[in-house]
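Per this note's numbering, the very first residue in the sequence shown carries number -17; after that it's consecutive.
By construction, the Cβ of each residue, glycine as well, lies at the ideal position given by its N, Cα and C atoms.
All values reported here derive from a predicted model rather than from experimental measurement.
Beneath this line is the structure, given in structure tokens, with notes to follow.
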Amino acid sequence: MPQDSLQFLKDSTQLASEVLDFIPPEKVDMSPTGPGWYILGGIAVLLVLIVSIREYNRYLNSTYRRVANKDLDKIINQKLSLQESVFQVNSTLKRVALTSYDRDQVAHLNGEEWVAFLNTHWKNNFSDKESDLLINGAYMKPSADHDETLTQLIQSSKKWIKSHV
-17 MPQDSLQFLK DSTQLASEVL DFIPPEKVDM SPTGPGWYIL GGIAVLLVLI VSIREYNRYL
43 NSTYRRVANK DLDKIINQKL SLQESVFQVN STLKRVALTS YDRDQVAHLN GEEWVAFLNT
103 HWKNNFSDKE SDLLINGAYM KPSADHDETL TQLIQSSKKW IKSHV
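Spelled out as structure tokens, the structure:
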């Protein structure tokens, strides 16, 4: 039996030397070789570029909305009188409307016509108190009720600026 184990040892040594002398396979090139991949890559880059330009234009076109919202935030922080605050809110809404709609359609509006215009170009409506404040706020005496309504008016104005059509 020692003969068999010697033969086995010889065979395994020979097998090990054959395995160690193997030739590694060639490296596989992972870059796309067909022109279709380059075309597909070009289309993908073009789509990303188009979407980026469109979003940038949308950002630029909504600058007036961001400015108007900042103006409304200033009204809250400045602690102006009721009359001045309502005047500032009306001025801001009028500027936004003049930017978004035809000047002939907006410039002459005031009072109830102005509130009706705002309500028709928005999916919601200003409440009766907010409408009354927009129309008559310059002539009202300040009160706690009006301060609360003014805050609601500013919030509704922000919503109008965000979603007017």
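- Contact annotation: K140 and L29 have beta-carbon atoms that are not nearer than 9 Å.
- Annotation for S113: V97 place their beta carbon closer than 6 Å to its own, counting only its chain and skipping 5 residues before and after.
- When DSSP states are grouped into helix, strand and coil, G119 belongs to the helix group.
- Rounded to the nearest whole angstrom, the C-alpha separation of G18 and G24 is 10 Å.
- Only residues of its own chain outside the window of five on either side were considered, and among them G119, A120 have a CB closer than 8 Å to the CB of F69, listed in chain order.
- Counting the other CB atoms within 10 Å of its CB gives T15 a total below 16, which places it among the exposed residues.
- If you look at W19, you'll find it in the alpha helix (DSSP H) that goes 17 to 43.
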